[in-house]
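S.K.: Residue numbers (the working numbering): 15 to 220.
Even for Gly, the Cβ is constructed at its ideal location relative to N, Cα and C.
Following this message is one structure expressed as structure tokens.
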């Protein structure tokens with residue numbers, strides 16, 4: 015059974031205010047300013063949230079409670095479909111700004127890394143990271159679902175079997191988005207049926 019983990023509305027509003035605010039002493043691109051203004055309106059309006067805002071609030075609530083969050087994958091800072099913008103660039107500068115690290119002075123850290131296109135290596139590394147940091151939410155995002163094909167050895171030999179084989183649990187989360195953008199059936203499938211076949215006895219959750 016899953017415990018009730020949802021944070022209260024007041025806390026979410028506090029987090030939302032922080033992660034939709036940009037510092038006045040930094041010069042951001044006009045597109046970035048519009049994006050953050052739209053997100054602030056979303057929070058203040060309170061009628062609906064898009065996927066990206068809900069995701070960022072979820073991360074923020076964990077950080078506030080003292081649980082680190084780590085995300086890696088191709089283009090994850092921006093987001094696979096340009097939705098996340100967890101890290102934004104300062105104009106005419108090499109500086110990056112991460113709103114999720116500005117929620118509270120006592121919060122846990124948020125890490126996010128654009129990784130190289132070697133899924134076998136990256137997922138293997140994140141699996142190992144998850145073993146050594148069980149109180150950290152460790153996420154690997156595939157830019158397209160088929161990227162998981164290149165990590166299938168790690169998925170079969172470790173992620174889906176280690177609890178039974180070596181009595182070792184791991185909390186690695188894999189985000190496998192579909193992308194029906196005319197790039198072919200193979201490039202537009204997360205192959206969920208393969209993962210569902212590995213879910214016996216609560217071995218994995220899809």
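1. Is it right to say residue 187 is buried, meaning 16 or more other beta carbons lie within 10 angstroms of its own, or is it exposed?
2. Just to confirm my understanding: we take residue 86, look at its own chain, exclude 5 residues before and 5 after, and list those with CB closer than 7 Å. What are they?
3. One question on the structure: do residue 114 and residue 77 come within less than 9 Å of each other, judged by their Cβ atoms?
4. With distance defined between alpha-carbon atoms, name the residue in 28, 219, 39 and 21 nearest to residue 105.
5. How big is the Cα-Cα spacing for residue 54 and residue 112?
6. Where does the unbroken alpha helix (DSSP H) through residue 56 begin, and where does it stop?
7. Alpha carbons only, please: which of 23, 122 and 183 is nearest the one belonging to residue 219?
8. Exposed or buried, residue 31, counting other C-beta atoms within 10 Å across all chains shown (16 or more means buried)?
9. In whole angstroms, give me the CA-to-CA distance for residue 67 and residue 94.
10. What would DSSP say about residue 124, mapped onto helix, strand or coil?
11. Which partner residues does residue 189 have in the DSSP bridge list?
12. Counting C-beta neighbours from all protein chains within 10 Å, is the total for residue 107 16 or more, i.e. buried, or is it exposed?
13. The beta strand (DSSP E) that contains residue 83, what's its start and end?
14. Among all the DSSP beta bridges, which residues are the ones paired with residue 103?
15. Using only the alpha-carbon positions, how far apart do residue 43 and residue 110 sit?
16. Please tell me whether residue 190 and residue 210 are closer than 9 Å, where the distance is taken between their beta carbons.
17. Using the three-state DSSP reduction, which class does residue 91 fall into: helix, strand or coil?
18. Between which two residues does the alpha helix (DSSP H) holding residue 173 run?
M.R.: Taking the coordinates as given:
1. On the chain shown, position 173 is the one that residue 187 refers to. Classification for residue 187: exposed.
2. Residue numbering aside, residue 86 sits at position 72 when the chain shown is read from its first letter. Cβ within range, chain order: 127, 129, 136, 140 and 154.
3. Counting from 1 along the chain shown, the entry for residue 114 is found at position 100. Counting from 1 along the chain shown, the entry for residue 77 is found at position 63. The criterion of a C-beta distance shorter than 9 Å is satisfied by residue 114 and residue 77.
4. On the chain shown, residue 105 is found 91 positions in, with the first residue counted as 1. Measuring C-alpha to C-alpha distances from residue 105 to each of 28, 219, 39 and 21 identifies 39 as the nearest.
5. For this step, residue 54 is matched to residue 40 along the chain shown. For this step, residue 112 is matched to residue 98 along the chain shown. Taking the straight line from one Cα to the other gives about 16 Å.
6. Taking the first residue of the chain shown as 1, we reach residue 56 at position 42. Looking at the DSSP string, the run of the alpha helix (DSSP H) that includes residue 56 is 44-59.
7. In the chain shown, the residue the question calls residue 219 occupies position 205. Selected option, being the one with the closest Cα: 183.
8. As a working note, residue 31 is residue 17 in the chain shown. So residue 31 ends up on the exposed side.
9. The count along the chain shown starts at 1 and reaches residue 67 at position 53. The count along the chain shown starts at 1 and reaches residue 94 at position 80. So the two alpha carbons sit approximately 15 Å from each other.
10. Position 110 of the chain shown, counting from 1, holds the residue named residue 124. Strand, per DSSP.
11. Reading the chain shown from its first residue, position 175 is the one you call residue 189. Residue pairing by DSSP puts residue 189 in a beta bridge opposite 155.
12. As a position in the chain shown, residue 107 is number 93, starting the count at 1. By the 10 Å Cβ count, residue 107 comes out exposed.
13. Here residue 83 is taken as the residue at index 69 of the chain shown, counted from 1. Annotation for residue 83: the continuous beta strand (DSSP E) segment containing it runs 83-87.
14. For the purposes of this step, residue 103 is identified with residue 89 of the chain shown, where counting begins at 1. Paired residue(s): 110.
15. By 1-based counting over the chain shown, the position of residue 43 is 29. By 1-based counting over the chain shown, the position of residue 110 is 96. Between residue 43 and residue 110, the C-alpha separation is close to 12 Å.
16. Counting from 1 along the chain shown, the entry for residue 190 is found at position 176. Counting from 1 along the chain shown, the entry for residue 210 is found at position 196. Residue 210 is positioned such that its CB atom lies no closer than 9 Å to that of residue 190.
17. For the purposes of this step, residue 91 is identified with residue 77 of the chain shown, where counting begins at 1. Residue 91 falls in the coil class under three-state DSSP.
18. As a position in the chain shown, residue 173 is number 159, starting the count at 1. Taken as a continuous stretch (DSSP letters only), residue 173 belongs to no alpha helix (DSSP H), as it is neither H nor E.
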